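**Student:**
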Amino acid sequence: MAFGSSGFGRRFEVLGQAPYLVFLLRWLLICAVVGVLVGSASAFFLLSLDWVTDWRESHAWVIWLLPVGASSSGPATITWARAW
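With the sequence shown counted from 1, adding 34 to any position gets you this note's numbering.
Structural data, given as structure tokens:
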């Protein structure tokens, strides 16, 4: 009977792959944590976007401030971008 077909040989082959299982489980845990964090950040962003949209719709006058913000962002970028 060959070495690879005996019970001991099969058990040794399975135990030899244990580090791969640990590697896989570690990465699954890391991916799960990252998924929870990114999902939570996405949910927070969508909730805040909904709140801001409701606020803007109830305060229509804020649209008139867009040209002020646009005209001031250029000089502000030129001024502070040189410092970097």
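Each residue gets a CB set at the ideal place from its N, CA and C atoms; glycine is no exception.
Because the structure is a prediction, the values reported are computed rather than measured.
Hey, quick one: how far does the alpha helix (DSSP H) through Val96 stretch, first residue to last?
**Tutor:** Run containing Val96: none; DSSP gives neither H nor E here.
**Student:** Whole angstroms is fine: what's the gap from Phe57's alpha carbon to Gly69's?
**Tutor:** Cα to Cα, the separation comes out at about 18 Å.
**Student:** In three-state terms, what does DSSP make of Arg60?
**Tutor:** Correct three-state label for Arg60: helix.
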